[in-house]
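Step one of this worksheet: look at the structure below.
Numbering (the numbering used here), first residue to last: 553 to 668.
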């Protein structure tokens, strides 16, 4: 089984992944306006001179955005519960490492007799 030390290369990769997700979600958020509704989402794009996105998505692309948004909204509460349970199990297992139980093999645990 690999230890955390053998996965040191994963650390910078996770930082880059998080930064790209964060920047992509904050710097490239844009809205597509239609007659009866509007869709706001984010992905890297080149804005026009007015700062608005000058690109279109197909109907299948908008359906994919809708499905992914719905999936994320449904899974986020479940993910937080799973993460809390995993954290709780790690804490309980960490606390359990310091506790050792030794069976008592003899029932003679009283003090020796004393004469007064």
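Cβ atoms here follow ideal geometry from the backbone N, Cα and C, with glycine treated the same way.
Once you ignore the five residues that flank residue i on each side, which residues in its own chain have a CB closer than 6 angstroms to its CB?
i: residue 617; result: 593
Could you work out which residue in the options is closest to residue i when comparing CA atoms only?
i: residue 591; options: 575, 608 and 576; result: 608
i: residue 586; options: 568, 611 and 622; result: 611
Among the residues of its own chain, which have a CB less than 8 angstroms from the CB of residue i, if the five just before and after it don't count?
i: residue 576; result: 594, 595 and 596
What whole-angstrom Cβ distance do residue i and residue j have, given they're in contact under 8 angstroms?
i: residue 605; j: residue 582; result: 4 angstroms
Suppose the cutoff is 7 angstroms on Cβ atoms and the five residues either side in sequence are ignored; what does the same chain contact list for residue i look like?
i: residue 614; result: 591
Taking the runs of the beta strand (DSSP E) that are 3 residues or longer, which of them lie wholly in the stretch 584 to 659?
590 to 594
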